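Residue numbers (the working numbering): -11 to 272.
Just so it is clear, CB atoms sit at the ideal spot from N, CA and C, and this is done for glycine as well.
Source: prediction; values computed, not measured.
One structure below.
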Ligand code: FES
């Protein structure tokens, strides 16, 4: 007998937002009846905010509870924030799920991802279509018994720190039938952790002096030219460990509304190029 939290039992006994939205702006599917669980999620979106969400599911109590809480988690949130929700967030919101039932939270994440993959804000339609066409890649199925893709296994490993094939099976079902895909799952685990180790090794290779030089160079050669295009500019004031103090100049300095966007642009550029722990602070 699994050990369920009170919240799981509550959402299982009294599921919220069950049903369908006839004029939904986005619909996502995950699982299949032949695999034992299936979830369909419907979203109503207005001005970039999820105003309503409903679901239909065929599955166990954990699948019902995961779907139910997911709808509560996303109603009222921006599409941007909803895109950041992981299966771990769903399980955490339920007060946890037994390891063998974590695949239910993954199914919720997968259905949400599927819905938002197909959702395009009407204002950004052309840009988004171009991007979709540019990024179109065939999804590789690793587990044919359950139709689980390489991408889903990779995301489950990344979001939940999975280290063994058994854990991947608990979270995605992949490997839980004939077992033929187990060596492919192990390869994905190995590739993920080798990549992570390489990224960590690359990070520690920079000495403090090299880090300062690199930050300076990224600001001068990459960030500053971008800001100059809009009549602004940026100056590096100081570097204190991972804290990078900058001063915005020209049009950027008086633009209070766009400062958050600017800060996140500068921060994400430096995190990507130098160190993911960098924090950017604007000074006068
Ligand atoms: S191919 Fe994955 S369990 Fe059969």
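Item to check | Test item: CB-CB of residue 160 and residue 140 under 9 angstroms | outcome: yes
Item to check | Per-residue burial, residue 178 [other beta carbons within 10 Å of its own, 16 or more giving buried] | outcome: exposed
Checklist entry - Along the chain, where does the alpha helix (DSSP H) that runs through residue 160 open and close? => result 153 to 160
Next on the checklist: For the ligand FES, is there any heavy atom lying closer than 8 angstroms to the beta carbon of residue 94?
Outcome noted: no
Item to check | Pairwise C-alpha distance: residue 259 and residue 155 | outcome: 31 angstroms
Next on the checklist: Going by DSSP in three states, residue 17 sits in which element: helix, strand or coil?
Outcome noted: strand
Checklist entry - Nearest to residue 136 by alpha carbon, out of 163, 59, 197? => result 163
Checklist entry - What are the residues that DSSP puts in a beta bridge with residue 46? => result 26
Checklist entry - For the alpha helix (DSSP H) that contains residue 262, what are its first and last residues? => result Segment: none, residue 262 is in no alpha helix (DSSP H) and carries neither H nor E.
Item to check | Identity of the residues DSSP links to residue 270 by a beta bridge | outcome: 234
Checklist entry - Cβ of residue 5 within 9 angstroms of Cβ of residue 41? => result yes
Item to check | Distance cut 6 angstroms, beta-carbon to the ligand FES heavy atom: residue list by chain order | outcome: 131, 132, 133, 162, 163, 164, 165, 166, 167, 168, 169
Checklist entry - Shortest alpha-carbon distance to residue 49 belongs to which of 64, 3, 30? => result 3
Item to check | Assigned secondary structure, residue 0 (DSSP; H/G/I helix, E/B strand, else coil) | outcome: helix
Next on the checklist: My assumption, with CB atoms under 8 angstroms, is that residue 55 sits in contact with residue 43. Please give the rounded CB distance.
Outcome noted: 4 angstroms
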